[in-house]
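Engineer: Got a structure for you, written out below as structure tokens; questions coming shortly.
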DNA sequence: AGCACGCCGACT
DNA sequence: GTCGGCGTGCTC
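In full-length UniProt numbering, the protein residues as written are 1 to 824.
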């Protein structure tokens, strides 16, 4: 007997195991590893979609096994390599099978069965005594919904919870009918085509028979030429109507067929060709070195550390050309497509049609189309954000991860994977080259390069022979002592004036949106906080309202303090909106544009701003970290960093690294053309090692200092971290649960012989933001100091996965984050 | 996740 | 008594 071992499409820890089903003989040949099937599941034999992870042969006849009902796919939806990745991910990230599987499959492909309840035409009034109020209520609700409704919709209209019982009673009484409908969101977009069915020798008699049907004759003659054409096009070209075509079909001369087409997410957008250019010495060396691995199909990892403007993109482009020549495919990851439109357009401009683009604001349908294009091998290159690492290429030659230090490569939802981590494993599985690139590599990657895991390639010079900009640090404390209370230092204002008069462009950077992030009472110190989150509300001057940046809650501004009724309200914590206002006051004639989440939420707004900046319709561009990467505008000669301290002061072990990266990246926007660039960096901590290093563009010295600190305090790359997050509405309960997990954890580790637990387990502590959307948050941090990381993971798996129901009650959410990028 | 079963307080 | 809410345990 053949048995399929499947994972059912249920996102629950309790069903996260392989279930055995008998494969009926007629499905023997169709059921394979990686295919989807329908199976009966549970007491009611609810039909569920399931993924076949194994097919085994069993000698003993187990009559208790249920049978596979049907297969969904012709071909496996998950390849052998992808299956291997699924198993690996579950182990690595302690996630469920189904969570790993869903990474590989677009949402719109997942089938879910919905219960549809239909009222039958019976005189239910007689059958149901009027005392049965509940049942009658269900029926009247059903009538109001038009006689039939899906169960979930029906439940929204009825406020008691035990609806299933009543549904069952109604079904027994034959008052309603239940149907299961597959809520398949598969939306292969098709277009109707016609195909001619007439053989050559039949042609003459048929044509003569159509003497009186002029239009039909025209249609047939056109079809004879092209054999197959879309209905729409045919009708347009022939100037005929559908009815003529229909009568041809009735006579059997033609047939209609549905042909799959793709929606193009880029519409008719044309990309300027981006011509290949001759690489300089450094670039050429890098290309040659990596090409060798592409040629040998060795799964080597390269880390390209190249200063801003060193032409990393051109290296990627030329390497991809080599990959394509070998008949292989390439994946390019960029931090966030919408933030790097220039990079994307260069790829499109060089390679044209055979690229699929996966960015975060594609609709489900568009995402599905791109995925299909990849699967049908219509593209050779995928360029996309984090999730593009799962692109279903069959012959992968290379993975490029640009700006590899970016935190967006780490998923914020379970499974909390790191795309670099996945890329490493995937390149290993599929013998493809992995190329990481950054002007400011993450300490993890750089450390691994030093250790010899990655091959380091350094680019010291800018490709266009321009120099790196000079960076001038302004001590804002001194500025203040000299009587300048403005947020702009004298130097910055002067430099902005100079740049304006030279008709060059300025970028001002501040990593905080809104107008003011803190409103507080001068008299009693009260600060306005969100009622749902433990966070101060930010004043937005455009809407003249207060917004919570965590839950989106909006409040009117407070004119007087709700505590002491003082009317002295202080607006502190400067954001980009306020900068914009102040710039306009200081430079009334300058054309100023702000670019942050608030000005770019509309589709296409992003490109529009960059386009007008490119055409020099903007003198001063003000923005958040959105402007820190990928922008390449030669006329920008001044970059002003309003405050480097916002990131520096975060209570996170990566604060210094983030600051160095951000400052270096932003500074890199200046002086990319013929003119020298200048950066003015304002800070209250001019002597901090990350500030000093970034002013000298000295990555190596920063890394040296930072690595020493990381080693001393046992942080990555010298330790692995495991963060457990607990949240729930009842603060006391959240703490109690977190505490019991911590206690049990300590007990397990202690009994394994590890006595120094204070360094290994920290917490539970309230999270940095202790409340978000009315949920209280606590966390436990685990570090592998003097203990194998695998053992920590094993203990976590035992407590929070294998015995989850014992430790985590309903109402408490607990997430596991392996090597989080941030522990705040 | 969904569903059945069984316990228990709150009502006609 | 019994209705309905809620916790528990199971699904090949």
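Every residue, glycine too, gets a C-beta built ideally from N, C-alpha and C.
Every value quoted in this text rests on a predicted model; they were computed, and no experiment measured them.
Look at the alpha carbon of residue 434 and the alpha carbon of residue 596, and state the distance between them as a whole number of angstroms.
Structural biologist: Approximately 32 angstroms, taken between the alpha carbons.
Engineer: What first and last residue would you give for the alpha helix (DSSP H) that runs through residue 647?
Structural biologist: That run of the alpha helix (DSSP H) goes 645–648.
Engineer: Among 8, 786, 601 and 744, which residue has its Cα nearest to the Cα of residue 719?
Structural biologist: Of 8, 786, 601 and 744, the residue nearest in Cα terms is 786.
Engineer: Which word fits residue 203, buried or exposed, when buried means at least 16 other C-beta atoms lie within 10 angstroms of its C-beta?
Structural biologist: Residue 203 should be labelled exposed.
Engineer: Following the continuous beta strand (DSSP E) through residue 273, name the residue where it begins and the one where it ends.
Structural biologist: That residue, residue 273, is in no beta strand (DSSP E); it is neither H nor E in DSSP.
Engineer: Less than 9 angstroms separating the beta-carbons of residue 683 and residue 476?
Structural biologist: The answer is yes: Cβ separation under 9 angstroms.
Engineer: Answer yes if the segment 93–113 comes into contact with the segment 167–176, meaning at least three C-beta pairs across the two stretches below 8 angstroms, and no otherwise.
Structural biologist: No, the segment 167–176 does not touch the segment 93–113.
Engineer: If we count the other Cβ atoms within 10 Å of its Cβ and call it buried at 16 or more, is residue 212 buried or exposed?
Structural biologist: Result: exposed.
Engineer: Does the beta-carbon distance from residue 570 to residue 517 come in below 9 angstroms?
Structural biologist: Not a contact, by the Cβ cut-off of 9 angstroms.
Engineer: Can residue 357 and residue 509 be called in contact, C-beta distance under 9 angstroms?
Structural biologist: Not a contact, by the Cβ cut-off of 9 angstroms.
Engineer: According to DSSP, is residue 365 helix, strand or coil?
Structural biologist: DSSP places residue 365 in helix when its eight states are reduced to three.
Engineer: Just to confirm the assignment, what range does the beta strand (DSSP E) spanning residue 349 have?
Structural biologist: No beta strand (DSSP E) holds residue 349; the alpha helix (DSSP H) holding it covers 341–351.
Engineer: Beta-carbon separation of residue 716 and residue 673 under 9 angstroms?
Structural biologist: Contact: no.
Engineer: Closest to residue 734 by CA distance: which of 814, 80, 722 and 538 is it?
Structural biologist: Measuring from the Cα of residue 734, the nearest candidate turns out to be 814.
Engineer: Going by other Cβ atoms of all chains shown within 10 Å of its Cβ, with 16 needed for buried, is residue 805 buried or exposed?
Structural biologist: Exposed: under 16 other Cβ atoms inside 10 Å.
Engineer: Can you say whether residue 312 is buried or exposed, counting buried as having 16 or more other CB atoms within 10 angstroms of its CB?
Structural biologist: Answer is buried; the Cβ neighbour count reaches 16.
Engineer: Which partner residues of residue 765 appear in the DSSP bridge assignment?
Structural biologist: Residue 765 pairs with 779.
Engineer: Can you give the Cα-Cα distance for residue 75 and residue 429, rounded to whole angstroms?
Structural biologist: Spanning the two alpha carbons is a distance of roughly 21 angstroms.
Engineer: Can you check which of these residues, 40, 55 and 522, is closest to residue 30 by C-alpha distance?
Structural biologist: Comparing Cα-Cα distances from residue 30 to each of 40, 55 and 522, the minimum goes to 55.
Engineer: Between the segment 795–802 and the segment 382–394, are three or more C-beta pairs nearer than 8 angstroms?
Structural biologist: Segments in contact, no.
Engineer: According to DSSP, residue 227 sits in a beta bridge with which residue or residues?
Structural biologist: Residue 227 is not bridged to any residue.
Engineer: For the alpha helix (DSSP H) holding residue 706, just list the boundary residues, first then last.
Structural biologist: First-last of the alpha helix (DSSP H) with residue 706: 699–712.
Engineer: If we ignore side chains and look at the alpha-carbon of each, how far apart do residue 537 and residue 93 end up?
Structural biologist: Between residue 537 and residue 93, the C-alpha separation is close to 34 angstroms.
Engineer: Skipping 5 residues on each side, what residues in its chain have a beta carbon closer than 7 angstroms to that of residue 820?
Structural biologist: Answer for residue 820: 721 and 723, listed in chain order.
Engineer: Output the boundary residues of the alpha helix (DSSP H) element that contains residue 855.
Structural biologist: Nothing can be reported for residue 855: it is not among the residues displayed for the chain, which extend from 1 to 824.
Engineer: Can you tell me which residues form a DSSP beta bridge with residue 258?
Structural biologist: DSSP output for residue 258 lists 192 as bridge partner(s).
Engineer: According to DSSP, simplified to helix, strand and coil, what is residue 558?
Structural biologist: Coil.
Engineer: With C-beta atoms as the reference, is residue 315 less than 9 angstroms away from residue 294?
Structural biologist: Contact flag unset, no.
Engineer: In the DSSP assignment, find the beta strand (DSSP E) that holds residue 669 and state where it starts and stops.
Structural biologist: Residue 669 -> no beta strand (DSSP E), and no H or E assigned at all.
Engineer: On the DSSP bridge list, what partners appear for residue 418?
Structural biologist: Looking at the DSSP assignment, residue 418 forms a beta bridge with 410.
Engineer: Going by beta-carbon coordinates alone, are residue 632 and residue 318 separated by less than 9 angstroms?
Structural biologist: Not closer than 9 angstroms, so no.
Engineer: Tell me the rounded alpha-carbon separation between residue 136 and residue 128.
Structural biologist: So the two alpha carbons sit approximately 8 angstroms from each other.
Engineer: So for residue 120, helix, strand or coil by DSSP?
Structural biologist: Reduced to three states, the DSSP call for residue 120 is coil.
Engineer: Write down every uninterrupted run of the beta strand (DSSP E) in the segment 283–339 whose length is 3 residues or greater and which is fully enclosed by it, in chain order.
Structural biologist: Here the runs fully enclosed are 301–306 and 329–333.
Engineer: CA-CA distance, residue 81 and residue 90?
Structural biologist: Each residue's alpha carbon lies about 14 angstroms from the other.
Engineer: Go through its chain and collect everything with a Cβ distance to residue 555's Cβ below 7 angstroms, but skip five positions before and after it.
Structural biologist: The residues are 537, 545 and 546.
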